[in-house]
Every structure is written in structure tokens, then in C-alpha cells.
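Enquirer: All letters in the sequence shown, in the order written, are residues -24 to -1, 1 to 311 by mature numbering (1 follows the signal peptide of the UniProt record, and there is no 0).
Note that the Cβ used here is the ideal one computed from N, Cα and C, for glycine as well.
Predicted model only: the values in this text are computed from it and were never measured.
So that we are looking at the same thing, I have put the structure below in C-alpha cells.
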Amino acid sequence: MARIVCKYSLFIIWLVLILQYSLSTCAHSKKLYENKPCKRFVLYYHDILFNGTNIANATSAATTNYTSLGNFKHGMLVVFDDPMTKDNHLLSTPVARAQGFYFYDMKTTYNAWFSYTLIFNSTEHKGTLNIMGADMMSEETRDLSVVGGTGDFFMARGIATFRTDVAQDDYYFRLEMDIKLLNENKPCKRFTLYYHDILFNGTNVANATSATAVNRTKLGDFKLGMLVVFDDPMTIDNHLLSPPVARAQGFYFYDMKTTYNAWFSYTLIFNSTEHKGTINIMGADMMDEETRDLSVVGGTGDFFMTRGIATFRTDTFQGADYFRVQMDIKLYECY
């Protein structure tokens, strides 16, 4: 019996030592690899919701009504193209635009989920930042994730800390965003694919690869709020009938009232002898530009944990029912 107790005691001592070593190693690793921001700035986000009469001033519109679940606008989805300023004055010169969406997602209190792109086009900065996450509105400050960037913010990652600066009724609110960014990495893989989108027009069931899930709003003449869900073929060349090497599955919606502009979030799904796995891509497609950079924010399989840039170039556009985009995909994290 004494021998058993002795062995048990030795085991406990050994376990405690292992735990202490593990904890000290974790603490050391955290200190050793802890990243500090390489860039930090504060901007103000101004959202003016379309109320049916304020077309000239509105910068966002509800594309879906809220549900009957609770009294906190659960399910209401808002598409926005909002100005970002350096101070909290609505009429200050914008230094960026925030394009994307948010929706309310709780039945017991106000809570929103955001996914959007900050688009910079000034003498100080050019490029984009992609931000997504839950805005827990009852908290004084809330951290959302910076998951990618382009241009001056190439491959950026970091945190955007939200603080509600003002809320006026249901039609205007202002957020302070404290944005902290980490360093970028270097490239490892590159390939070009072609994306083919055939929009369902009511008669082309056999060939259509996408369909409008939410109709456009009345804010402007450029389909603002129209949301399209797609399962589109990706080919190595620009021929629609070439064998697909991947499928692009996700959605895009139009988000500006003054010109055509779309916001994408989708997954490339590879299942061939050459590649198996997925690549996740999101960001603003500024359709007036010849080329547009979107962020590769993750992947699985052969593209495990990858990040990078997908450069869009419109290859052809045939009416409202078919368009083709060349995607030059550059990966900067490969495992």
C-alpha cells in the first residue's frame, strides 16, 4: 500500500512540474512572439440610413426588413457606402469610404455583425482594409478583426476598436474606429483563374449559376442592395465551356447609389488531382477601376491558413446575364 501511495505521489509531483514548465513556456512564448502594432490611426464612420425621402443624403439602405423575433431589429440587413473622416464632423472631407453590410442578430438587445472594406484613395493613403466581426453594442468598446488589406495596407492584419460616438434616432449614428495594424509577410504562390457568372433571368434554369436573392432598393439607379448568391465555375482560360478547376461559392451585392460597385465574399473550392482544399476571398470590387485587389483571408487543405491578394480584372460583360472576371491570385502565406 505504501509503495502505491509513493508511486501516486511521485506521479502528482511529476504532473505539477510538467504543468509549471508548460505554463512558463507559454508565458515566455507569448512574450517572445507578441506583436506590436506597426501602424495605428483613428477614423470616424458616419451612417445615414435611407428613410424613403432622404435620397440626397442617405449613405445606407435596409435591404431586408427585421423579423418578428424580439424587438431589436433581428434580421434587418443594411448595405452601406459610408464616409470615413479624421474627426467626428459629418461634413469633414472623407479620407476613406466604408463599403459593406451589417445586420442585427439578437432578439434580447441591439447587437450587429459587420463585414466591410475601407477604401482609401487620397494623397496620404491608397488601398483597402477588410474588417469583420460582432459589434456588441451594449459594450463601451468592441474589437473587430482586420483580416486583410491591399495597396498601402497590403496583407494587413490587426484590430479595429469600435466606440459609439453618437446615435440619433434610427437614421444616423457615428462610430469611432481605433485601427491597429501588424506587419505583412512575403509571397509564395501565384496562379490565374477565370470566374464565369451566369445570372438566372427566369428562363435559363439549365445554364444559370447565380440568382438574385434580395432585390435592389430604391436608393439610386445602380442596383444598391441587390444581393446575388452564386456557385460559379472557375477555369484556367477564359472559355466558359473549359473544364472547371474549382467552384466559386458565395455572394456579392451592389453597394453604391452613384455608380456600379460590388462587395464580394466567397470560397474557391478545389477538388482535382492538382489541388484539394479551399481559399476564402472577400472585399470591395470597385468596378470602375481596371484592376481591383481583394483579400485572401484564409484557406484549407492544400491552401491551409493561406492569405494573400486576388486581383480582379473584368474580362467581358454581356448585358445583365453574363460576366467573366480574371482573378490573379497571389498567396503570401503557404504551409
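Determine the contact status of M131 and G124, defining contact as a CB-CB distance below 8 Å.
Expert: Yes. Within cutoff.
Enquirer: Give me, in chain order, the residues of the same chain whose beta-carbon lies closer than 8 Å to that of residue 329; leave out the 5 immediate sequence neighbours on both sides.
Expert: Look at the range of the chain in this structure, -24 to 311, and you will see that residue 329 is not part of it.
Enquirer: Buried or exposed: which applies to R73, given that a residue is buried once 16 or more other Cβ atoms fall within 10 Å of its Cβ?
Expert: It counts as buried.
Enquirer: Under the three-state reduction of DSSP, which class applies to E266: helix, strand or coil?
Expert: Correct three-state label for E266: coil.
Enquirer: In this structure, how does DSSP classify M202 when only helix, strand and coil are distinguished?
Expert: In the structure shown, M202 sits in coil (DSSP, three-state: anything other than H, G, I, E or B).
Enquirer: Drop a sphere of 10 angstroms on the beta-carbon of F240, count the other beta-carbons inside from all chains shown, and report buried for 16 or more, exposed for fewer.
Expert: Burial call: buried.
Enquirer: For S271, which three-state DSSP category applies?
Expert: S271 falls in the strand class under three-state DSSP.
Enquirer: Quick one: what's got a C-beta closer than 7 Å to V55's C-beta in the same chain, skipping five residues either side?
Expert: Around V55: S36, A37, T39, F77, L200, G201, F229, D231.
Enquirer: What do you reckon, are the CB atoms on T126 and G109 nearer than 8 Å?
Expert: For T126 and G109, no; Cβs fall outside 8 Å.
Enquirer: In this structure, does DSSP put E309 in helix, strand or coil?
Expert: Of the three classes helix, strand and coil, the one that applies to E309 here is strand, per DSSP.
Enquirer: My guess is that Y92 and I107 are in contact by the Cβ rule of under 8 Å, so how many angstroms apart are they, rounded?
Expert: Yes, Y92 and I107 are in contact; Cβ-Cβ is about 6 Å, under 8 Å.
Enquirer: Smallest Cα separation from F176: which of L169, F167, T168, S186?
Expert: Closest option to F176, Cα to Cα, is S186.
Enquirer: Which two residues bound the contiguous beta strand (DSSP E) that contains I255?
Expert: Where I255 is concerned, the enclosing beta strand (DSSP E) stretches over 252 to 261.
Enquirer: Quick one: Cα of L(-6) to Cα of M281, how far?
Expert: Low confidence applies here, because L(-6) scores a pLDDT of 40, under 50, leaving its location unreliable and the question unanswered by this model.
Enquirer: When DSSP builds the beta bridges, which residues end up paired with G125?
Expert: Note: G125 sits in a beta bridge opposite L105.
Enquirer: Let's test the definition: count the other Cβ atoms within 10 Å of the Cβ of H22 and tell me whether it reaches 16, buried, or not, exposed.
Expert: Buried: at least 16 other Cβ atoms inside 10 Å.
Enquirer: Could you compute how far the alpha carbon of T1 sits from the alpha carbon of V273?
Expert: No answer about T1 holds up, because its pLDDT of 37 lies below 50 and its placement is not dependable.
Enquirer: According to DSSP, is R192 helix, strand or coil?
Expert: Of the three classes helix, strand and coil, the one that applies to R192 here is coil, per DSSP.
Enquirer: How many angstroms separate the CA atom of N43 from the CA atom of T84?
Expert: Asn is not the amino acid found at residue 43; the sequence shown has Thr there. Looking at the two C-alpha atoms, the distance is approximately 13 Å.
Enquirer: Once you ignore the five residues that flank S5 on each side, which residues in its own chain have a CB closer than 8 Å to its CB?
Expert: In this prediction, S5 has a pLDDT of 37, which is less than 50 and means its spatial position is unreliable; what the coordinates show is noted afterwards. Nothing listed; no residue qualifies.
Enquirer: Would you identify the three-state DSSP class for F167, choosing helix, strand or coil?
Expert: Three-state result, F167: strand.
Enquirer: Determine the DSSP secondary structure at T53, reduced to helix, strand or coil.
Expert: In the sequence as presented, Thr is not what sits at residue 53; that position holds Leu. If DSSP states are grouped into helix, strand and coil, L53 belongs with the strands.
Enquirer: Give me, in chain order, the residues of the same chain whose beta-carbon lies closer than 8 Å to that of E10; leave out the 5 immediate sequence neighbours on both sides.
Expert: Residue placement at E10 is poorly supported in this model, since its pLDDT is 45, which falls under 50; the coordinates still yield a value, given next. Around E10: no qualifying Cβ.
Enquirer: Starting from residue 331, follow the beta strand (DSSP E) in both directions and report where the run begins and ends.
Expert: A question about residue 331 goes unanswered here, because the residues of the chain that appear run from -24 up to 311.
Enquirer: Would you mind reading off the limits of the beta strand (DSSP E) that contains M153?
Expert: 148 to 157 is the extent of the beta strand (DSSP E) around M153.
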